[in-house]
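Chemist:
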Amino acid sequence: MCPSDATSTQGGDRLQVAVVGAGPSGLYAVRALLESTVEVGVDVFDRLPAPYGLVRYGVAPDNQKMKSVIRVLHGSFDEDNDVRFLGNVTFGEDITRDDLRAHYDAVIYATGTQGDRKLGVAGEELPGSSGAREFVSWYCGHPDAASRDFPLRCRHAAVVGAGNVALDVTRMLAKSSEEIAGTDVPDRVLDTFRDNRITDIHLLSRRGPAQAKFTPVELREMGELVNADIVIDPGELVLTEDDEQRVAADRQLRKNVALLREWAERPLEGKPRRVHMRFLHSPVRILGENEVAGVVVERNELLDDGKVRGTGEYETLDVGLVFAAVGYQALPLPDVPFDHDTATVPHDAGRVLDSSGTQEPGEYVTGWAKRGPSGVIGTNKNDAAETVNSLLTDLADRASTRRHDRTGITRLLEQRGVDYVDWAGWLRVDTHETRLGEAQNRPRVKVPDQPSLLELARRYPQ
Ligand SMILES: Cc1cc2nc3c(=O)[nH]c(=O)nc-3n(C[C@H](O)[C@H](O)[C@H](O)COP(=O)(O)OP(=O)(O)OC[C@H]3O[C@@H](n4cnc5c(N)ncnc54)[C@H](O)[C@@H]3O)c2cc1C
Numbered sequence: 004m005c006p007s008d009a010t011s012t013q014g015g016d017r018l019q020v021a022v023v024g025a026g027p028s029g030l031y032a033v034r035a036l037l038e039s040t041v042e043v044g045v046d047v048f049d050r051l052p053a054p055y056g057l058v059r060y061g062v063a064p065d066n067q068k069m070k071s072v073i074r075v076l077h078g079s080f081d082e083d084n085d086v087r088f089l090g091n092v093t094f095g096e097d098i099t100r101d102d103l104r105a106h107y108d109a110v111i112y113a114t115g116t117q118g119d120r121k122l123g124v125a126g127e128e129l130p131g132s133s134g135a136r137e138f139v140s141w142y143c144g145h146p147d148a149a150s151r152d153f154p155l156r157c158r159h160a161a162v163v164g165a166g167n168v169a170l171d172v173t174r175m176l177a178k179s180s181e182e183i184a185g186t187d188v189p190d191r192v193l194d195t196f197r198d199n200r201i202t203d204i205h206l207l208s209r210r211g212p213a214q215a216k217f218t219p220v221e222l223r224e225m226g227e228l229v230n231a232d233i234v235i236d237p238g239e240l241v242l243t244e245d246d247e248q249r250v251a252a253d254r255q256l257r258k259n260v261a262l263l264r265e266w267a268e269r270p271l272e273g274k275p276r277r278v279h280m281r282f283l284h285s286p287v288r289i290l291g292e293n294e295v296a297g298v299v300v301e302r303n304e305l306l307d308d309g310k311v312r313g314t315g316e317y318e319t320l321d322v323g324l325v326f327a328a329v330g331y332q333a334l335p336l337p338d339v340p341f342d343h344d345t346a347t348v349p350h351d352a353g354r355v356l357d358s359s360g361t362q363e364p365g366e367y368v369t370g371w372a373k374r375g376p377s378g379v380i381g382t383n384k385n386d387a388a389e390t391v392n393s394l395l396t397d398l399a400d401r402a403s404t405r406r407h408d409r410t411g412i413t414r415l416l417e418q419r420g421v422d423y424v425d426w427a428g429w430l431r432v433d434t435h436e437t438r439l440g441e442a443q444n445r446p447r448v449k450v451p452d453q454p455s456l457l458e459l460a461r462r463y464p465q
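Mapped onto the working numbering, the consecutive letters of the sequence shown carry residue numbers 4 to 465.
1. For ligand 3, is there any heavy atom lying closer than 8 Å to the beta carbon of Y367?
2. Where R419 and L256 are concerned, what is the direct C-alpha to C-alpha distance, given to the nearest angstrom?
3. Considering only their Cβ atoms, is the gap separating A135 from G3 smaller than 9 Å?
4. To the nearest whole angstrom, what separates the beta carbons of Y112 and G24, a pair I think is in contact under 8 Å?
5. Give me the Cβ distance between V41 and V86, rounded to the nearest whole Å; I'm assuming they're in contact under 8 Å.
6. Is V298 closer than 9 Å to L320 when the C-beta atoms are compared?
7. How far does the alpha helix (DSSP H) with L398 in it reach, from first residue to last?
8. Tell me whether T243 sits in a helix, a strand or coil according to DSSP, three-state version.
9. Contact defined as beta carbons within less than 8 Å: I believe P446 pairs with Q117. What is the distance between those atoms, to the nearest angstrom?
10. If you compare alpha carbons, which of R197, E272, I204 and P52 is closest to V92?
11. Indicate the three-state DSSP secondary structure (helix, strand or coil) for N303 in the structure shown.
12. Counting only the same chain and skipping the five closest in sequence on each side, list residues whose C-beta sits under 6 Å from that of S208.
13. Hey, would you say D338 sits closer than 9 Å to G95, going by beta carbons?
14. Thinking P130 and E292 are a contact (beta carbons under 8 Å), I'd like their distance in whole angstroms, please.
15. Please confirm whether any heavy atom of ligand 1 lies closer than 8 Å to the CB of W371.
16. When you compare only the Cα positions, how much space is there between A387 and V75?
17. Answer with buried or exposed for K3, where buried requires no fewer than 16 other C-beta atoms within 10 angstroms of its C-beta.
18. Let me know the alpha helix (DSSP H) ranges lying completely inside the region 26-109, each 4 residues or longer, listed in chain order.
19. Which class does L459 belong to by DSSP, given the choice of helix, strand or coil?
20. Starting from A148, follow the alpha helix (DSSP H) in both directions and report where the run begins and ends.
21. Would you list the residues sitting across from M280 in a DSSP beta bridge?
22. In chain order, which continuous runs of the beta strand (DSSP E) of length 3 or greater are located wholly inside the region 306-340?
23. Suppose contacts are defined by Cβ-Cβ distances below 9 Å. Is V448 in contact with D190 by that definition?
24. Am I right that V421 and D147 are in contact with their C-beta atoms under 8 Å? What's the rounded C-beta distance?
25. Check the DSSP bridge columns for E366 and list the partner residues they point to.
26. By the 10 Å Cβ neighbour count, where 16 or more other Cβ atoms means buried, how is P451 classified, buried or exposed?
27. Label K373 either buried or exposed according to how many other C-beta atoms from any shown protein chain fall within 10 Å of its C-beta, with 16 as the threshold for buried.
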């Protein structure tokens with residue numbers, strides 16, 4: 004929205020830092036910088052007009068409690084801090100690595116993940132088959148998915164994966180439209196859930212219960228669904244001898260296995276939907292000509308090392324939708340070192356390393372871009388603290404060479420015609436969404452499309 008520089012920015016003594024990505028890791032890094040003894044000025048860039056990354060666009064809409072972490076994250080933008088939000092600015096397109104290195108003493112990459120891991124089976128490209136990321140982005144109102152549609156008109160759907168994202172997707176499919184109406188999903192998404200005809204969701208885990216990555220709190224929620232029974236074949240809750248020992252030694256695994264065993268024994272209550280939790284089953288082919296018409300799954304057997312081997316025993320599930328929740332994945336950022344094997348930015352305690360393992364001076368990384376898609380929101384706090392600690396140690400050594408001045412960055416964006424959104428612009432969007440929510444007795448109603456977000460950021464009356 005290109006206003007003149009409202010927030011005062013100073014060059015000189017103040018350490019000038021650019022943070023790329025306004026998700027939890029980027030904003031925890033800002034907090035760590037502000038809490039240090041160093042005078043600091045920070046610009047936080049995000050390719051979206053809205054901050055908070057996956058807290059806004061990943062955490063399931065029925066988990067509003069988790070989203071309250073936003074209250075902690077937004078504090079850095081208070082007027083007394085020299086911190087600016089520059090949303091709708093894409094690193095690598097609107098602003099380059101060279102631009103940032105020219106205007107700041109240090110750059111912290113906190114861009115998270117931008118892609119989905121694939122299943123790698125035939126038929127995966129058919130309409131009706133998608134990565135969980137696309138579906139999650141759609142129900143969370145991410146602008147990238149604003150024009151997507153996910154008709155939920157088939158009776159059976161499959162979700163592939165054994166982590167919390169797979170549980171989120173399954174839960175959203177299993178909940179009633181009244182339950183979804185209590186969340187912040189965009190109106191269009193709510194309309195789709197009102198027309199959700201799915202009766203059976205097959206949650207497919209390649210390995211056994213002792214290998215699943217579910218956390219007990221998230222898993223427990225499945226058993227409390229008012230709208231869906233859980234169906235488990237006790238024969239699939241297989242533990243090898245090695246598993247038995249691991250489960251006995253690990254509190255989280257113990258809780259998971261106990262819950263699953265309890266549900267396997269529980270009589271069905273005749274709820275409108277059923278979640279079939281299947282273990283030791285992998286999709287091997289998605290069927291259909293013009294759209295998904297089924298999925299062939301192979302039964303696996305567990306090997307001693309925790310890996311699995313297909314048994315050659317197949318079954319066809321009559322599903323019309325397949326969601327692959329097998330992992331979010333980072334993509335390379337233009338000109339920034341990237342390790343394709345781990346899909347992360349190579350680093351040493353947050354210091355970006357080039358391909359020869361040498362430190363790129365003044366460049367740092369945090370969050371999922373640094374360690375891959377693991378851990379909860381809070382994990383990013385310590386992660387960001389480590390990165391900021393490295394940054395401050397390096398720059399304390401080079402204090403006398405500080406020479407950067409970030410005042411010119413907004414001018415540069417304006418010259419390039421970049422319609423950036425500042426913090427006041429984001430607050431206009433926030434107010435609008437909250438008011439929409441109040442009118443419908445909902446926590447907020449998200450505006451998913453980018454042009455509307457930009458229009459609101461420019462004009463919405465406060
Ligand atoms: C579906 C899902 C549900 C989850 N639910 C929970 C939960 O309930 N509880 C919990 O504790 N954790 C949850 N997590 C984990 C949590 O969201 C992550 O730990 C956290 O968001 C990672 O933070 P990040 O800042 O590294 O990445 P992100 O949150 O992804 O933030 C990255 C930011 O960088 C921006 N960006 C990317 N590329 C560019 C670019 N080129 N230029 C400018 N900006 C860019 C993005 O727009 C984004 O705002 C969930 C994760 C997922 C995927």
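Each residue gets a CB set at the ideal place from its N, CA and C atoms; glycine is no exception.
Modeler: According to the data block:
1. In the structure shown, ligand 3 is absent; the only ligands present are ligand 1.
2. What you label residue 419 is simply residue 416 of the sequence shown in a count that begins at 1. What you label residue 256 is simply residue 253 of the sequence shown in a count that begins at 1. The alpha-carbon atoms of R419 and L256 are separated by roughly 53 Å.
3. Outside the shown range of the chain (4 to 465) lies residue 3, about which nothing can therefore be said.
4. To locate residue 112, count along the sequence shown from 1; it is residue 109. To locate residue 24, count along the sequence shown from 1; it is residue 21. So it is a contact: roughly 7 Å between Cβ atoms.
5. Against the sequence shown, residue 41 aligns to sequence position 38. Against the sequence shown, residue 86 aligns to sequence position 83. Not a contact, Cβ separation roughly 14 Å.
6. As a first step, residue 320 is located in the sequence shown; it is residue number 317 there, counting from the start. As a first step, residue 298 is located in the sequence shown; it is residue number 295 there, counting from the start. The answer is yes: Cβ separation under 9 Å.
7. Residue numbering aside, residue 398 sits at position 395 when the sequence shown is read from its first letter. Segment T382 to D400, the alpha helix (DSSP H) holding L398.
8. Indexing the sequence shown from 1 puts residue 243 at position 240. Correct three-state label for T243: coil.
9. Taking the sequence shown and counting its residues from 1, the one referred to as residue 446 is at position 443. Taking the sequence shown and counting its residues from 1, the one referred to as residue 117 is at position 114. Between P446 and Q117 a beta carbon distance of about 27 Å is seen, past the 8 Å cut, so the two are scored as non-contacting.
10. Taking the first residue of the sequence shown as position 1, residue 92 is located at position 89. Taking V92 as reference, the option from R197, E272, I204 and P52 with the minimal CA-CA separation is P52.
11. Your numbering for residue 303 matches position 300 in the sequence shown. Reduced to three states, the DSSP call for N303 is strand.
12. Numbered from 1 along the sequence shown, position 205 holds the residue referred to as residue 208. Hits under 6 Å: A165, A215 and F282.
13. Working through the sequence shown from its first residue, we reach residue 338 at position 335. Working through the sequence shown from its first residue, we reach residue 95 at position 92. Yes; because the gap between Cβ atoms is below 9 Å, this pair is in contact.
14. Position 127 of the sequence shown, counting from 1, holds the residue named residue 130. Position 289 of the sequence shown, counting from 1, holds the residue named residue 292. Contact check for P130 and E292: beta-carbon distance about 11 Å, past the 8 Å limit, so the pair fails to qualify.
15. Numbered from its first residue, the sequence shown carries residue 371 at position 368. Correct: W371 has its Cβ closer than 8 Å to ligand 1.
16. Position 384 of the sequence shown, counted from the start, is the residue given in the question as residue 387. Position 72 of the sequence shown, counted from the start, is the residue given in the question as residue 75. So the alpha carbons of these two residues sit roughly 15 Å apart.
17. The requested residue 3 does not occur in the structure, where the chain is confined to residues 4 to 465.
18. Segments of the alpha helix (DSSP H) lying fully in the region 26-109: 27-38, 56-60, 67-70, 73-76 and 100-106.
19. Residue 459 sits at position 456 when you count from the first residue of the sequence shown. In the structure shown, L459 sits in a helix (DSSP, three-state: H, G or I).
20. The residue given as residue 148 occupies position 145 in the sequence shown. No alpha helix (DSSP H) contains A148, which DSSP labels as neither H nor E.
21. Residue 280 sits at position 277 when you count from the first residue of the sequence shown. Beta-bridge pairing by DSSP links M280 to L206.
22. The region 306-340 contains these whole beta strand (DSSP E) runs: 311-320 and 324-327.
23. Translated into the one-based positions of the sequence shown, residue 448 becomes position 445. Translated into the one-based positions of the sequence shown, residue 190 becomes position 187. In contact: V448 and D190 (Cβ atoms closer than 9 Å).
24. As a position in the sequence shown, residue 421 is number 418, starting the count at 1. As a position in the sequence shown, residue 147 is number 144, starting the count at 1. With a Cβ gap of about 18 Å, V421 and D147 do not count as contacting.
25. Taking the sequence shown and counting its residues from 1, the one referred to as residue 366 is at position 363. The beta-bridge partner set that DSSP reports for E366 consists of V110.
26. In the sequence shown, the residue the question calls residue 451 occupies position 448. Buried.
27. Counting from one through the sequence shown, the residue named residue 373 turns up at place 370. With at least 16 other beta carbons inside 10 angstroms of its own, K373 counts as buried.
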